[in-house]
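Participant:
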Amino acid sequence: MRRGFADLGLLLVGLLWGSGFVVTKIGLNEGISPVYMLGLRFVIATIFLLFVFRDTIKKIKLKDIKKMFLISFVLFFAYGFQIVGSKYTSASKAAFYTGVNVMFVPYISWMLNRKAPDVFTYLSTILCLLGIGFISYVPKENLFTLNVGDVFVIISAIFFGIHIALTGFYSKKYTVEKMILIQNSLASILFVIAVIFLTIFNVGDEKVRILSNKEIVSVLYMGLVTTGICLFLQALFQRYTSSVRASIFLATESIFAPIFAHIVLKEQLTRNVCFGGLFIVLAVILSEANGVIKYIRRKVNEIFKDIHKNV
Numbered sequence: 001m002r003r004g005f006a007d008l009g010l011l012l013v014g015l016l017w018g019s020g021f022v023v024t025k026i027g028l029n030e031g032i033s034p035v036y037m038l039g040l041r042f043v044i045a046t047i048f049l050l051f052v053f054r055d056t057i058k059k060i061k062l063k064d065i066k067k068m069f070l071i072s073f074v075l076f077f078a079y080g081f082q083i084v085g086s087k088y089t090s091a092s093k094a095a096f097y098t099g100v101n102v103m104f105v106p107y108i109s110w111m112l113n114r115k116a117p118d119v120f121t122y123l124s125t126i127l128c129l130l131g132i133g134f135i136s137y138v139p140k141e142n143l144f145t146l147n148v149g150d151v152f153v154i155i156s157a158i159f160f161g162i163h164i165a166l167t168g169f170y171s172k173k174y175t176v177e178k179m180i181l182i183q184n185s186l187a188s189i190l191f192v193i194a195v196i197f198l199t200i201f202n203v204g205d206e207k208v209r210i211l212s213n214k215e216i217v218s219v220l221y222m223g224l225v226t227t228g229i230c231l232f233l234q235a236l237f238q239r240y241t242s243s244v245r246a247s248i249f250l251a252t253e254s255i256f257a258p259i260f261a262h263i264v265l266k267e268q269l270t271r272n273v274c275f276g277g278l279f280i281v282l283a284v285i286l287s288e289a290n291g292v293i294k295y296i297r298r299k300v301n302e303i304f305k306d307i308h309k310n311v
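Structure, rendered in C-alpha cells:
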C-alpha cells in the first residue's frame, strides 16, 4: 500500500472521529453515564470485530494476549479519562486538550523506535496544535484556567499519544486482525469491570439502566463506527506511515467535529474554525515536505547522472 493512500485512510478516520464528538454529545445529553456508555461502546465493537474476524480467533495465542495488555490498558485509560473529563469541562477545552496528544507522539515514537523525527515533522506538529487551538478557542472562556475536567482530559491526551505510538509499533509485529481483536476485547473487559465496580460502590452517577432510542443509536454508532471500524482502519493504515504523521492526520477530527456540530446540532461556524482548519491543512502539507524534498533531490541526481553519461 502506498503511503499517500494510507494517509487518506487516516484522514477518513479523523472524519469519522469528528462525527463521534457530536454523537457522543447527543448520548450524554440524554443522560447516559460516561463509563456505562464506554462499556457498551467497546462491548458492541468487540462483538462486531469477533464476528467479522472470527477465523482469526483460533490463531490468537496466550503470549499474544499478554503482550497486548499494555496497549489495551492505555486505550482504557485514554477513553476513560477523556469522557469523564469532558463532563466537567467545556467542549472547546476538551477538544483542545485532547489534541495536545500530537505533541507527545514524536517523543514517544522516538523512545520506541530509536529514530528521531525530522524537523518538518516537529514544525507540522506545532502548526497542527495551533490549528486545534484556533478551532477550540472560545473568547468568553479562560482557556488556560485548569479545573479537574481539564486535567483529566490532558491526562487522556497523554494516553492517546502513547496509544498512537504503540499502534505504530505493534502494527508492524502483528496482523491487523489479531491486534485489533485482542486490544478491543481486553479494553471491553476492563470497561465492564469498571461499570460493575462503580455501580456496586455507587461511585459518581454511574448506573446501569435501559436506554432511550437516541442513546441506543448513539451507542451503536460509537461502538460500530468510531470504535470498531475506526480502530481497525487506524491499525491497518498506520503500518504504512509513521506514528507522528498518523497523529497529524487523525487530529483533523478537530476540523470535522465543528462541521458536523453545525449540521446536526446547528452550532455556528466561526472564523476561528476556518483559521484553525487552515493551520491543520498546512501542517499536513508540511509533514510531506521532507518526502517531497527527497523526491526532488533524487530526480535531480538522476538527471545529472544521465547528463554525465551522455557527455
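So in UniProt numbering, spot 189 of the sequence shown is number 189, and the numbers just go up one at a time. We treat Cβ as the ideally placed atom computed from N, Cα and C, and that holds for glycine. It should be emphasised that the depicted structure is a prediction, and the values quoted were computed from it without experimental measurement.
Whose C-beta lies closer than 6 Å to the C-beta of residue 298 among residues of the same chain, with five residues either side of it excluded?
Facilitator: Excluding positions up to five away in sequence, the list is empty.
Participant: Rounding to the nearest angstrom, what Cα-Cα distance links residue 113 and residue 123 in this structure?
Facilitator: Residue 113 and residue 123: Cα-Cα distance of roughly 20 Å.
Participant: Quick check: what's the CA-CA separation for residue 49 versus residue 207?
Facilitator: Approximately 26 Å between the Cα atoms of the pair.
Participant: Would you report the Cα separation of residue 263 and residue 174, rounded to the nearest angstrom?
Facilitator: Taking the straight line from one Cα to the other gives about 39 Å.
Participant: Please state whether the Cβ-Cβ distance between residue 79 and residue 154 is less than 7 Å.
Facilitator: No, the Cβ-Cβ distance between residue 79 and residue 154 is not below 7 Å.
Participant: Within 7 Å of any Cβ in chain B, is that where the Cβ of residue 151 sits?
Facilitator: Checking the listed chains, one finds no chain B in this structure; it contains a single protein chain.
Participant: Contact between the segment 24-39 and the segment 271-281: three or more CB pairs below 8 Å?
Facilitator: Judged by Cβ distances under 8 Å, the segment 24-39 makes no contact with the segment 271-281, as fewer than three pairs qualify.
Participant: Less than 7 Å between the C-beta atoms of residue 283 and residue 259, yes or no?
Facilitator: No, the Cβ-Cβ distance between residue 283 and residue 259 is not below 7 Å.
Participant: For the alpha helix (DSSP H) that contains residue 257, what are its first and last residues?
Facilitator: Per DSSP, residue 257 belongs to the alpha helix (DSSP H) from 253-264.
Participant: Going straight from the alpha carbon of residue 103 to that of residue 58, what length do you get?
Facilitator: C-alpha separation (whole angstroms): 38 Å.
Participant: Just list the alpha helix (DSSP H) runs in the UniProt domain "EamA" (149-286), keeping only unbroken ones of 4 residues or longer that don't cross its boundaries, in chain order.
Facilitator: 176-200, 213-221, 230-237, 243-250, 253-264, all fully within the UniProt domain "EamA" (149-286).
Participant: Looking only at its chain, what residues have a beta carbon closer than 6 Å to the beta carbon of residue 177, apart from the 5 residues adjacent to it on each side?
Facilitator: Within the same chain, residue 177 has close Cβ partners 53, 56.
Participant: Out of curiosity, what's the CA-to-CA distance linking residue 261 and residue 22?
Facilitator: Looking at the two C-alpha atoms, the distance is approximately 6 Å.
Participant: Whole-angstrom Cβ separation of residue 183 and residue 71, contact assumed at under 8 Å?
Facilitator: Contact flag correct, Cβ pair sits at about 6 Å.
Participant: Of the residues 5, 24, 287, 125, which one's Cα is nearest the Cα of residue 257?
Facilitator: Nearest C-alpha to residue 257: 24.
Participant: Taking only the alpha-carbon atoms, compute the straight-line gap between residue 105 and residue 120 and give it to the nearest angstrom.
Facilitator: About 14 Å.
Participant: Can you give me the Cβ contacts of residue 250 inside the same chain, cut-off strictly under 8 Å, excluding the 5 residues immediately before and after it?
Facilitator: Correct list, in chain order: 10, 13, 14, 17, 164, 234.
Participant: In angstroms with no decimal places, state the Cα-to-Cα distance between residue 29 and residue 286.
Facilitator: Approximately 38 Å between the Cα atoms of the pair.
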